[in-house]
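In our numbering, the protein residues as written are 5 to 502.
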Ligand SMILES: Cc1cc2nc3c(=O)[nH]c(=O)nc-3n(C[C@H](O)[C@H](O)[C@H](O)COP(=O)(O)OP(=O)(O)OC[C@H]3O[C@@H](n4cnc5c(N)ncnc54)[C@H](O)[C@@H]3O)c2cc1C
């Protein structure tokens, strides 16, 4: 059986490797000269930057990929757990360094805010429960809307799960949950930020997403030795060892269907025959471009869903050394609700929360001696035709003034060279519709169940994976979605479906 995988991001590569392992003939089509998609790398002024993702959570997902394919991840890729997860600096100047242990983190938080260590421990226990429920219900399982909810779960577990359902937090927002657990606005802001890991607004996403702190604190938050792109290379090479054929610089223009089933793809004006296709590019792009001549009811509903946020990222090669900073640093704005309101209205925030990632704090060779590599990111709205030149100029000024006052310096004077990533560039380079990072936003009680399923309901032989579909965005979930899509291709092949 011949399978086309469209897109060589982490999701597509993970799916391809698994399918090839099962003996299928797999070709990955990647439009760019190199694979990786959002997980890319930049080198300027002697500095190395991870341009997209900077934090790997759920390293077990990577380990499982290698183990399932008969290899050991350790032989190809080194991961280092972080001792300090993040340095937070609030608008009032208070600083807090988070760490994996809930008790120790609670003590630090109690020292920096008016909340107690016990409240943090209680909250982290709740976060763990949410994670366990979500893992059972949907993270590791294919899902196709409410109808599939609970299918494949044993009756005993199903009964237990049904009783737990109200605890999954669909009925309240993440911000609402945090207000119930904590009283200090700074603690609430700190935990609200986890909604942005899915490009969502904490005031509009369900409390279910409060599982993310458990994922980051307890399931492992890692640095990838040598940079995130080493992960891409390791997964790419794993796929190649399984016999995957990789065709770079080849943009797929259409998924060819006949009588309701996939027959092939067209790329560079040529048609290639395939029995199945796994679209590992953005879900919106798949429906809008690759299936433009094949209307889908579900596709039309998916395309109406509001998008998750995008990002503006500056890559600054900096003169000087800044040991007061950690590897991951957050500088919070004074009014978080307003920030999300502005994003909702399609504007870059006037007072943005700023993320600074300095991988040189771990790998000294990522910047020359006496220099640092700052990946400076703020949330941005998806591209709806804003004047990005003006937005970049304004946002750059706002970031410089926030960092300047927080660190008591003039960062502009230290910038040796600058790189930039805007929402339109994200769309051009990765195919993500309007530059949104994670496909549809996880807003509303049912968003989790309404994400694009990994198997198409309209077209036989069509599958979806990657950060814009089930089970969600971010590197580990994109790779999990590759596993889920591959599993369904193989189930269908075994049952003679495609
Ligand atoms: C600035 C930024 C920061 C982030 N931070 C984090 C983080 O810290 N931690 C984390 O886990 N995640 C983070 N993410 C999200 C993470 O990068 C993504 O969720 C994940 O990498 C998505 O992988 P994917 O498989 O969906 O594909 P993508 O990375 O989106 O890749 C899709 C691939 O498909 C190719 N393609 C598209 N259309 C076609 C076509 N028609 N034909 C052929 N090829 C095509 C593209 O060129 C691309 O290579 C971040 C993302 C960005 C941009």
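Heads up, the beta-carbon is just placed ideally off N, CA and C, and yes, glycines get one too.
> DSSP on residue 10, reduced to helix/strand/coil?
Replying inline: strand
> Is DSSP giving residue 502 helix, strand or coil here?
Replying inline: Bear in mind that a pLDDT of 49 at residue 502, under 50, signals an unreliable position, so the number given afterwards is only what the model happens to contain. Looking at residue 502 - three-state DSSP - the assignment turns out to be coil, as it is neither helix nor strand.
> Among 159, 208, 120, 200, which has the Cα closest to the Cα of residue 450?
Replying inline: Selection 159, 208, 120, 200 evaluated against residue 450 yields 208 as nearest (Cα-Cα).
>> For residue 471, which residues in the same chain have their Cβ closer than 7 Å to its Cβ, ignoring the five residues on either side in sequence?
In response: 15, 442, 443, 477, 478, 481, 482
> Roughly how many angstroms separate the alpha carbons of residue 337 and residue 97, rounded to a whole number?
Replying inline: 11 Å
>> Could you check whether the Cβ of residue 430 sits closer than 8 Å to any heavy atom belonging to ligand 1?
In response: Correct: residue 430 has its Cβ closer than 8 Å to ligand 1.
> ligand 1 heavy atoms versus the CB of residue 273: any closer than 8 Å?
Replying inline: no
>> Buried or exposed, going by whether 16 or more other CB atoms sit within 10 Å of the CB of residue 385?
In response: buried
>> Please state the DSSP three-state secondary structure of residue 216.
In response: helix
>> Tell me the rounded alpha-carbon separation between residue 182 and residue 212.
In response: 12 Å
>> Using a Cβ-Cβ cutoff of less than 6 Å, which residues in the same chain neighbour residue 120 once the five nearest sequence positions on both sides are dropped?
In response: 114
>> Between the alpha carbons of residue 82 and residue 363, how many angstroms are there, rounded?
In response: 15 Å
>> For a test of the three-state rule: what should DSSP assign to residue 561, helix, strand or coil?
In response: Missing from the structure shown is residue 561; the chain here goes from 5 to 502 and no further.
>> Taking the alpha-carbon of residue 12 as reference, which of 25, 42, 23 has the nearest alpha-carbon?
In response: 42
> What are the boundary residues of the alpha helix (DSSP H) that includes residue 85?
Replying inline: Where residue 85 is concerned, there is no enclosing alpha helix (DSSP H), although the beta strand (DSSP E) it sits in stretches over 83–85.
> Can residue 318 be considered in contact with ligand 1, in the sense that its beta carbon sits closer than 8 Å to one or more heavy atoms?
Replying inline: no
> So does the stretch 297–306 actually touch the stretch 316–327, counting three or more Cβ pairs closer than 8 Å?
Replying inline: no
> Got a sec? Which residues, its chain only, sit under 6 Å from residue 25 by beta carbon, not counting five neighbours each side?
Replying inline: 73, 246
>> I'd like to know if the stretch 355–362 and the stretch 323–338 are in contact, where contact means that at least 3 CB-CB pairs between them fall below 8 Å.
In response: Enough Cβ pairs lie closer than 8 Å, so yes.
> Near residue 219, what residues of its chain come up, given a Cβ to Cβ distance below 7 Å and the 5 sequence neighbours on each side ignored?
Replying inline: 61, 62, 135
> How far does the beta strand (DSSP E) with residue 277 in it reach, from first residue to last?
Replying inline: 274–277
> Of all the options 112, 204, 486, which has the alpha carbon lying nearest to the alpha carbon of residue 191?
Replying inline: 112
> If you compare alpha carbons, which of 35, 6, 55, 21 is closest to residue 425?
Replying inline: Comparing Cα positions, the closest option is 55.
> When every heavy atom of ligand 1 is checked, does at least one fall within less than 8 Å of the C-beta of residue 362?
Replying inline: Residue 362: no, Cβ never under 8 Å from ligand 1.
>> If you follow the alpha helix (DSSP H) that residue 179 is in, where does it begin and where does it stop?
In response: Bounds of the alpha helix (DSSP H) holding residue 179 are 178–185.
>> In whole angstroms, give me the CA-to-CA distance for residue 475 and residue 455.
In response: 7 Å
> From what residue to what residue does the beta strand (DSSP E) around residue 143 run?
Replying inline: For residue 143, no beta strand (DSSP E) encloses it, and the DSSP letter there is neither H nor E.
> Regarding residue 102 and ligand 2, is the C-beta to nearest heavy atom distance less than 8 Å?
Replying inline: Because ligand 2 does not appear in the structure shown, any question about it cannot be addressed here, the ligands present being ligand 1.
> In angstroms, rounded to a whole number, what distance separates the CA positions of residue 217 and residue 188?
Replying inline: Taking the straight line joining both Cα atoms gives about 18 Å.
>> Measuring only the C-alpha atoms, how far is residue 270 from residue 259?
In response: 7 Å
> With 16 as the cutoff for other CB atoms within 10 Å, does residue 305 come out buried or exposed?
Replying inline: exposed
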